[in-house]
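Residue numbers (the working numbering): 31 to 212. Using N, Cα and C, we set each Cβ at its ideal position, and we do this for glycine too. Report on one structure; see the data block that follows.
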Ligand code: 5GP
């Protein structure tokens, strides 16, 4: 149990939507599936900063194949972005992905606009293959047709924090996924 406050909120009072034990079990299952699907290959996992950092770190430790990792950071342009899907790259990859088996690793897919942009952008760099891994999927709010190839949990339209996901940069370090209803 956590007995502390972050940003004025008592952590224990926030509903746990997915516990750290459930996350751990599911991340292990996902890693087994990815290891099987990419057997004999050496995929490049691209973590989308910052939310996917903890998920990526846990996922790769359960993989039984060799992988490379890299990171990309993107940001949306205010409110207009929500409808336009315009995304800005804040930090690009360190390497070419041409000819590589690439897996984009996301924390959560909500409207799908961020991922849609990333799939288009990274897809144009001529990877051999390109797939999407997400810990969480919130399909209720989807604005584009986009189905992650690997998904940990499908959740209802609630704002979740913890396990890498933030609210104003707070709460990322929580082990459980909790609901922050404003
Ligand atoms: P999308 O472009 O799919 O609408 O947005 C994806 C991004 O929005 C995620 O990578 C994440 O940063 C943020 N996001 C969407 N839903 C949630 C949520 O429930 N909690 C948190 N902390 N971030 C979210």
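Could you pull the start and end residues of the beta strand (DSSP E) that residue i belongs to?
i: residue 183; result: 180 to 184
i: residue 79; result: 74 to 79
i: residue 98; result: 98 to 106
i: residue 47; result: 46 to 48
i: residue 119; result: 117 to 121
Considering residue i, what are the terminal residues of the alpha helix (DSSP H) in which it resides?
i: residue 88; result: 83 to 92
For my contact list, residue i and residue j are in at a C-beta cut-off of 8 Å; report their separation, rounded to the angstrom.
i: residue 141; j: residue 118; result: In fact, because the Cβ distance is near 16 Å, the residues do not count as touching under 8 Å.
i: residue 90; j: residue 121; result: The pair is not a contact, with the Cβ atoms about 19 Å apart (cut-off 8 Å).
i: residue 165; j: residue 138; result: 7 Å
i: residue 85; j: residue 57; result: 7 Å
i: residue 47; j: residue 185; result: 6 Å
i: residue 146; j: residue 123; result: Going by Cβ atoms, the distance from residue 146 to residue 123 rounds to 18 Å, so no, they are not a contact pair.
Does the ligand NAP have even one heavy atom less than 6 Å from the beta-carbon of residue i?
i: residue 164; result: Although the ligand NAP was asked about, the structure shown includes only the ligand 5GP as ligands.
Practice prompt. Decide if the region 186 to 196 is in contact with the region 148 to 160; the criterion is three or more beta carbon pairs, one per stretch, under 8 Å apart.
Written response: Cβ pair count under 8 Å is below three, so no.
Discussion item. Under 8 Å, with one C-beta from each stretch per pair, do the region 62 to 79 and the region 37 to 46 reach the 3-pair mark?
Written reply: No: the two stretches stay apart, fewer than three of their Cβ pairs being nearer than 8 Å.
Worksheet item: How do the region 77 to 97 and the region 195 to 208 stand: do at least 3 beta-carbon pairs fall below 8 Å, yes or no?
Response: Flag = yes, the region 77 to 97 and the region 195 to 208 touch.
Worksheet entry | Sequence ranges, alpha helix (DSSP H) only - wholly within the region 137 to 209, length at least 4 | The qualifying runs are 143 to 153.
Practice prompt. Tell me, please, whether the region 154 to 171 touches the region 126 to 146 by the rule of three or more beta-carbon pairs shorter than 8 Å.
Written response: Counting Cβ pairs under 8 Å, three or more are found: they touch.
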